[in-house]
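In the numbering used here, the protein residues as written are 10 to 396.
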């Protein structure tokens, strides 16, 4: 899914880096000729009685992993003709063995063509499912930027492109009579069942954020929505799911309300400093309230004008480099004081891709919150911009 034009440019470049390009006919013919000449040369060097042509049967199998069905068929015909041609100068006592070799090559080549057809069909199905899931998510999530009276929110959501099963990361910002309500969540699992659970909890948030006067009541409504969804899922024979979530309440005052239900803690950036917001021990995820020793309560933290609040899912914090080290989010973002809020999601995602050598292991959801400029008495705005 693409939730902004900037993300579209970044992810398109990323897809080009990750996806292996299709096998061209020029490359195919080059390797067929080269491999055949090399084997012929080795055969002549070692002696005419050494028959290396049967080793060509590996070529169609290799082509089947990258090439089209037609290219695999062409490689199979090439190999079969080459092996048959090598039998013309064979001794009479080796003709029977040569015929057996041809039969073996025809069988292996035929299996290679079948394998190529299966691979192409599987890739087409994966692309179709990914397209359907992306279209569904476009209806599920609103594009950035999102704005309320108090906030301007930039961000992105990027599913793992190598996985046909899109995950259940969701986000939302709602303007209510009680201030701005911000929501980011990660549903356990992937695929359409996870998207179904994400839709249930997201719909509940959009309704409760406007109707409920307290943040605890909003979270209680989310808990009930997950439990209802799990009840229906159990009746359908599907697995129950839990949802990690972070819910914020932002008003005109500097202090912000927060309830963390097992989610990644937000990061606050001010100047050249970046640090996780101290919210204490998170509560259990949504759907698991029965395991909690007590009710969820509101925590407060300072979100002053001019600072930036970064919310993300564990696709960011649990990303690893090739050596296995986790992505140091606070350390990397501390040096981004001169990066505009509108540019930060794309910058962070590109940095994440570089850190993981181009292969993030999970979906990535980011929200960058800035307070809207405070109007001055004369009708202007304060000196601090929204980025």
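Where a beta carbon is used, it is the ideal one built from N, C-alpha and C, also for glycine.
| field | Beta-carbon gap between residue 279 and residue 255 smaller than 9 Å | value | Start at 1 with the first residue of the chain shown, and residue 279 comes out as number 270. Start at 1 with the first residue of the chain shown, and residue 255 comes out as number 246. Contact: no.
| request: Return the chain-ordered ranges of every beta strand (DSSP E) run that is complete within the segment 264 to 316 and spans a minimum of 3 residues. | output: 264 to 270, 276 to 279, 282 to 285, 308 to 311
| DSSP puts residue 253 in a beta bridge; with which residues? | For the purposes of this step, residue 253 is taken as residue 244 along the chain shown, with counting starting at 1. In the DSSP output, where bridge partners are listed per residue, residue 253 has 195.
| request: Could you tell me which residues DSSP puts in a beta bridge with residue 329? | output: Taking the first residue of the chain shown as position 1, residue 329 is located at position 320. Its beta-bridge partners are 335.
| task | Express the C-alpha separation of residue 240 and residue 248 in angstroms, rounding to a whole number. | result | By one-based count along the chain shown, residue 248 stands at place 239. By one-based count along the chain shown, residue 240 stands at place 231. If I take the Cα positions, the gap works out to 10 Å.
| Thinking just about the alpha-carbon of each residue, which of 285, 251, 372 is nearest to the one in residue 296? | On the chain shown, position 287 is the one that residue 296 refers to. Out of 285, 251, 372, 251 has the C-alpha closest to the C-alpha of residue 296.
| task | Note down, in chain order, each residue of its chain lying with its Cβ closer than 6 Å to the Cβ of residue 380, except the 5 sequence neighbours on either side. | result | The sequence position of residue 380 within the chain shown is 371, counting from 1. The residues are 314.
| Cβ neighbour criterion (16 or more within 10 Å) applied to residue 91 | Taking the chain shown and counting its residues from 1, the one referred to as residue 91 is at position 82. Buried, because 16 or more other Cβ atoms sit within 10 Å of the Cβ of residue 91.
| task | Give the straight-line distance between the Cα atoms of residue 378 and residue 244, rounded to the nearest whole angstrom. | result | Here the question's residue 378 lines up with position 369 in the chain shown. Here the question's residue 244 lines up with position 235 in the chain shown. If you take the alpha carbons of residue 378 and residue 244, they lie about 39 Å apart.
| task | Work out the CA separation of residue 127 and residue 349 for me, nearest whole Å. | result | Along the chain shown, one-based indexing puts residue 349 at 340. Along the chain shown, one-based indexing puts residue 127 at 118. Looking at the two C-alpha atoms, the distance is approximately 47 Å.
| Where does residue 342 sit, in a helix, a strand or coil, going by DSSP? | Reading the chain shown from its first residue, position 333 is the one you call residue 342. If DSSP states are grouped into helix, strand and coil, residue 342 belongs with the helices.
| field | Span of the alpha helix (DSSP H), counted from its first residue to its last, around residue 355 | value | Within the chain shown, numbered from 1, the residue matching residue 355 stands at position 346. Residues 353 to 364.
| query | Can you check whether the CB of residue 110 is closer than 9 Å to the CB of residue 195? | reply | Within the chain shown, the letter at position 186 stands for residue 195. Within the chain shown, the letter at position 101 stands for residue 110. Contact flag unset, no.
| On the three-state DSSP scale, how would you describe residue 237? | Against the chain shown, residue 237 aligns to sequence position 228. Of the three classes helix, strand and coil, the one that applies to residue 237 here is helix, per DSSP.
| task | Can you tell me the Cβ-Cβ gap for residue 210 and residue 234, rounded? I've got them flagged as a contact below 8 Å. | result | On the chain shown, position 201 is the one that residue 210 refers to. On the chain shown, position 225 is the one that residue 234 refers to. Right, the Cβ-Cβ distance comes to about 5 Å (below 8 Å), so this counts as a contact.
| message | Quick test of the definition: if touching needs 3 or more C-beta pairs under 8 Å, does the segment 335 to 352 touch the segment 291 to 307? | response | no
| residue 87 to residue 53 span [Cα, whole Å] | Looking up residue 87 in the chain shown gives position 78. Looking up residue 53 in the chain shown gives position 44. Looking at the two C-alpha atoms, the distance is approximately 20 Å.
| field | residue 322 beta carbon less than 9 Å from that of residue 374 | value | As a first step, residue 374 is located in the chain shown; it is residue number 365 there, counting from the start. As a first step, residue 322 is located in the chain shown; it is residue number 313 there, counting from the start. In contact: residue 374 and residue 322 (Cβ atoms closer than 9 Å).
| task | Count the other CB atoms, across all protein chains shown, that sit within 10 Å of the CB of residue 287; report buried if there are 16 or more and exposed otherwise. | result | Taking the chain shown and counting its residues from 1, the one referred to as residue 287 is at position 278. Its Cβ having fewer than 16 others within 10 Å, residue 287 is exposed.
| How would you call residue 44, buried or exposed, if buried means at least 16 neighbouring beta carbons within 10 angstroms? | Sequence index remark: in the chain shown, residue 44 carries index 35 (1-based). With 16 or more other Cβ atoms within 10 Å, it is buried.
| field | Integer-rounded CB distance, given that residue 289 should sit under 8 Å from residue 328 | value | As a working mapping, residue 328 is identified with position 319 in the chain shown. As a working mapping, residue 289 is identified with position 280 in the chain shown. With a Cβ gap of about 25 Å, residue 328 and residue 289 do not count as contacting.
| request: Would you identify the three-state DSSP class for residue 381, choosing helix, strand or coil? | output: Looking up residue 381 in the chain shown gives position 372. Residue state for residue 381 is assigned as coil, using DSSP reduced to three classes.
| message | Whether or not the segment 184 to 204 and the segment 156 to 167 are in contact is what I'm after, with contact meaning three or more pairs of Cβ atoms, one per stretch, closer than 8 Å; do they touch? | response | yes
| If you follow the alpha helix (DSSP H) that residue 88 is part of, which residue opens it and which one closes it? | If you number the chain shown from 1, residue 88 lands on position 79. Unbroken alpha helix (DSSP H) run through residue 88: 78 to 95.
| message | What does the alpha-carbon distance come out to for the pair residue 25 and residue 201? | response | In the chain shown, counting from the first residue as 1, residue 25 sits at position 16. In the chain shown, counting from the first residue as 1, residue 201 sits at position 192. Here residue 25 scores only 38 on pLDDT, less than 50, and its place in the model should not be relied on; the value that follows carries that caveat. Their Cα atoms are separated by approximately 26 Å.
| request: Return the chain-ordered list of same chain residues with a C-beta closer than 6 Å to the C-beta of residue 260, the five sequence neighbours on each side being excluded. | output: Numbered from its first residue, the chain shown carries residue 260 at position 251. Excluding positions up to five away in sequence, the list reads 188.
| query | Smallest Cα separation from residue 190: which of 197, 177, 208, 222? | reply | By one-based count along the chain shown, residue 190 stands at place 181. Scanning 197, 177, 208, 222 for the CA closest to the CA of residue 190 turns up 222.
| request: Put residue 376 into one of helix, strand or coil per three-state DSSP. | output: Here residue 376 is taken as the residue at index 367 of the chain shown, counted from 1. Strand.
| Pairwise C-alpha distance: residue 49 and residue 119 | As a working mapping, residue 119 is identified with position 110 in the chain shown. As a working mapping, residue 49 is identified with position 40 in the chain shown. Each residue's alpha carbon lies about 24 Å from the other.
| field | Residue burial classification, residue 282 (beta-carbon count within 10 angstroms, cutoff 16) | value | Locating residue 282 in the chain shown gives position 273, where the first residue counts as 1. Using a 10 angstroms sphere on the CB of residue 282, the tally of other CB atoms stays under 16, which defines it as exposed.
| message | What does the Cβ neighbour count give for residue 7, buried or exposed, with the cut at 16 atoms within 10 Å? | response | Only positions 10 to 396 of the chain appear in this structure, which leaves residue 7 out of reach.
| Under three-state DSSP, which class holds residue 33? | For the purposes of this step, residue 33 is taken as the residue at position 24 of the chain shown. Coil at residue 33, not helix or strand.
| request: Please name the residue in 215, 199, 227, 226 whose C-alpha comes closest to that of residue 324. | output: As a first step, residue 324 is located in the chain shown; it is residue number 315 there, counting from the start. Among 215, 199, 227, 226, the Cα nearest to that of residue 324 belongs to 199.
| message | Suppose contacts are defined by Cβ-Cβ distances below 9 Å. Is residue 161 in contact with residue 179 by that definition? | response | The residue given as residue 161 occupies position 152 in the chain shown. The residue given as residue 179 occupies position 170 in the chain shown. The answer is no: Cβ separation not under 9 Å.
| message | At the level of alpha carbons, what is the spacing between residue 75 and residue 36? | response | Stepping through the chain shown from its first residue, residue 75 is reached at position 66. Stepping through the chain shown from its first residue, residue 36 is reached at position 27. Distance between the alpha carbons of residue 75 and residue 36: 11 Å.
| request: Let me know the secondary structure DSSP gives residue 391 once reduced to three states. | output: On the chain shown, position 382 is the one that residue 391 refers to. Confidence at residue 391 is low in this model, with a pLDDT of 48, below 50, so its placement is unreliable and no value can be given for it.
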